[in-house]
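Just below is one structure, and these are the notes that go with it.
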Amino acid sequence: MISEFQTKARQKLSQVLTLATEDLDSIKTGRAKPALIENIRVDGAYPGTTLELRELASISSSDSQQLIVKPWDQGILAAIEKAIAASNLGLNPVVDNDLIRIKIPPLTAERREELVKLVWQKIESSRILIRQVRSEIRDEINQQKGEAGVSEDDIHQWFEDLQQLTDDYIKKLEDLGKAKEAELKQI
């Protein structure tokens, strides 16, 4: 029987895993991926607005080393170019008629190692979030002690199920980190 606690824990742990995946996708690996720049905030594309790049243009990769940004409105080309250049990603956008080409520079060995460390810092932050979810659900389970129709065996089983679920999600997180590390170390 799946308890309400297990359902709630699974939902919250899935959210943590989704956030971790999105966070890791934003790390530059030396390969052209639209996820690298899609969340860049573009100020002043339209008066008084700040929008994400994915809301203003289509982003694609023409090969493993180049991204193409094609704004839906050609009037905001300069604002997009400025936002990409100011993004601290080390990218140099080049306007080519009605689109922007972004050459992804290859990563140095030193930069790869820095990024691997960053990956594991992000994984550790997500592990902490998973443990916080576990703690929150454990507190909810503990509140059930002494309630009518709830036995010690039920509580013990809920704790075991919660721990198993937590272990599963931490393993998934570890696998994400290992995959990203392998991607970064690949030349």
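Residue numbers for the sequence shown, in this note's numbering: 15 to 201. A virtual CB, placed ideally from N, CA and C, is assigned to each residue, including glycine. All values reported here derive from a predicted model rather than from experimental measurement.
Closest by C-alpha distance to THR21, out of LEU187, ASP167, GLY163 and ILE151, is ILE151.
Taking a C-beta distance under 8 Å as the contact criterion, GLN158 and ILE169 qualify as a contact pair. Taking a contact as a CB-CB distance under 8 Å, the pair ILE73 and GLU95 does not count as one, their CB atoms being some 14 Å apart. In the DSSP assignment, GLU66 falls outside any alpha helix (DSSP H) and lies within the beta strand (DSSP E) extending over 64 to 66. Between the beta-carbon of ALA46 and that of GLN88 there is about 23 Å, and that puts the pair past the 8 Å contact cut. Comparing alpha-carbon positions, the option among GLN146, SER140, PHE173 and LYS199 lying closest to LYS185 turns out to be SER140.
The beta carbon of ARG126 sits closer than 7 Å to the beta carbons of LEU198 and LYS199 from its chain, once the five residues preceding and following it are set aside; these are given in chain order. An exposed status is given to ALA123, since fewer than 16 other beta-carbon atoms sit within 10 Å of its beta-carbon.
The continuous stretches of alpha helix (DSSP H) do not include ILE54, and DSSP gives it neither H nor E. Distance from the CA of VAL109 to the CA of LYS194, rounded to the nearest whole angstrom, comes to 31 Å. LYS136 and ALA34 do touch by the CB rule: their CB atoms are close to 7 Å apart, below 8 Å. Beta-bridge partners of ASP110 (DSSP): LEU113. The C-beta separation of LEU67 from ALA100 comes to about 12 Å, leaving the pair out of contact by the 8 Å criterion. In this structure, the CA atom of GLU188 is about 27 Å from the CA atom of ILE54. In this structure, ALA71 lies near VAL83, with their beta-carbon atoms less than 8 Å apart. The continuous alpha helix (DSSP H) containing VAL133 extends over residues 123 to 156. In the DSSP assignment, LEU190 falls within the unbroken alpha helix (DSSP H) covering 166 to 199. For GLN88, there is no enclosing alpha helix (DSSP H), as DSSP gives it neither H nor E.
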